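Okay, so here's the structure we're looking at.
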Amino acid sequence: MDEGYVERVLDLVEQVPPGRVTTYGAVAAVAGGGPRQVGSVMARYGGPVPWWRVVRADGTLPPSHDDRAREHYLAEGTPLRNSSGALDMRRAFWDPETGD
21 MDEGYVERVL
31 DLVEQVPPGR
41 VTTYGAVAAV
51 AGGGPRQVGS
61 VMARYGGPVP
71 WWRVVRADGT
81 LPPSHDDRAR
91 EHYLAEGTPL
101 RNSSGALDMR
111 RAFWDPETGD
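Just so we're aligned: 25 in the working numbering is position 5 of the sequence shown, and the numbers increase by one with no gaps anywhere.
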């Protein structure tokens, strides 16, 4: 995998503010490639960055990460939906293109 691409993805993930999330697709739109490529970078190299802040477009993480991510969401005050406890993407989404 291209080192420059890996660095771009990880740099973008590090910019996601506490209490906010972005999607694999939104990161891909800025870094290049596609959501699966971003996912591959995160799987291989994402341990040191706030990986829980990158989620699927529907606001979910793979089930294997859900419990650990939820701890981070609660600690950071990430907006969750009251009814289901899932991420409230309307309030939590951070756009890496605009920084908001």
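Every residue, glycine too, gets a C-beta built ideally from N, C-alpha and C. Values in this document were obtained by computation on a predicted structure and should not be read as measured data.
The C-beta of residue 56 has fewer than 16 other C-beta atoms within 10 Å across all chains shown, which makes the residue exposed.
Annotation for residue 45: the continuous alpha helix (DSSP H) segment containing it runs 44 to 51. The continuous alpha helix (DSSP H) containing residue 87 extends over residues 86 to 96. With 16 or more other Cβ atoms inside 10 Å of its own Cβ, residue 116 counts as buried. Sequence-distant Cβ neighbours of residue 40 in its own chain, meaning closer than 6 Å and more than five residues away, are 112, 114. Setting aside the 5 residues that flank it on each side, residue 106 is surrounded in the same chain by 79, 80, 100, each with a C-beta closer than 8 Å to its C-beta; the list follows chain order. Scanning the region 57 to 86 for uninterrupted alpha helix (DSSP H) segments of 4 residues or longer gives nothing; none is fully contained.
Taking the Cα positions, residue 49 is about 25 Å away from residue 86.
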